[in-house]
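Colleague: Just so it is clear: in the sequence shown, position 108 is 107 by numbering that gives the first Met the number 0, and no numbers are missing.
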Amino acid sequence: MVLLLAGCTTMVADPAETAKWQLLANQATAHFRVAAVSVQPVAGHNSAYLCHEGQIRLAVKAGYVRFRLAHELGHHVLHHCGTSYAQELDANVVAIQVLQLWGLSETDAVRETVVFLLEVKKFQGNVQRPGHNVCGEAAALLRRYPSVPDPRMRGDRTCAEEFGGAKS
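Given below as structure tokens:
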């Protein structure tokens with residue numbers, strides 16, 4: 000494996016892994032009829048869409064990689080070049096559509112998205128990346144898709160304020 004440094008992000012140059020994620024991205028961009036985007040696997044926990052470069056930096060060792068790619072593709076499909084809560088909400092909705100394109104049911108795609116957001120909250124605590132409110136995003140998705148149940152385990156207090164209390 001070759002490691003390249005680019006700013007503060009370590010690029011992970013593994014051709015087979017890059018090709019795997021690039022193929023999924025190509026499928027989504029073709030489906031939504033938008034320009035192709037370059038997928039670059041990176042080390043660390045944060046994925047990002049770089050609009051001016053037409054590139055997704057994908058944290059491939061951080062878990063939930065399919066969701067991470069789908070979410071960043073959401074930003075690409077929607078032509079987002081900033082960071083706002085509204086853009087994060089919209090990118091999550093497109094991510095659900097992308098996950099469905101890749102074979103998940105709507106229920107499973109929503110659940111995967113909400114579970115990811117809850118895991119981020121558990122990992123990061125009250126530290127939020129710009130534009131994000133992961134608990135608000137998760138609660139908004141469950142309001143948008145009311146047939147999908149709250150995936151938290153009974154007694155789980157993660158995002159209790161936004162969800163109206165612990166899971167009962």
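The C-beta atom is built at its ideal place from N, Cα and C for all residues, glycine as well.
No experiment lies behind these values; they were computed from the predicted model shown.
In chain order, what are the residue ranges of uninterrupted beta strand (DSSP E) at least 3 long that sit wholly in the segment 17-96?
Modeller: Listed in chain order, the complete beta strand (DSSP E) runs (minimum 3 residues) inside the segment 17-96 are 37-41, 47-49, 54-58.
Colleague: Under three-state DSSP, which class holds T157?
Modeller: Coil at T157, not helix or strand.
Colleague: Label P40 either buried or exposed according to how many other C-beta atoms from any shown protein chain fall within 10 Å of its C-beta, with 16 as the threshold for buried.
Modeller: So P40 ends up on the buried side.
Colleague: What residue range is occupied by the uninterrupted alpha helix (DSSP H) comprising D13?
Modeller: Note, D13: premise wrong, no alpha helix (DSSP H); not H, not E.
Colleague: Measuring CB to CB, does A168 end up less than 8 Å from H70?
Modeller: As shown, the chain starts at 0 and ends at 167. That puts residue 168 outside it, with no answer to give.
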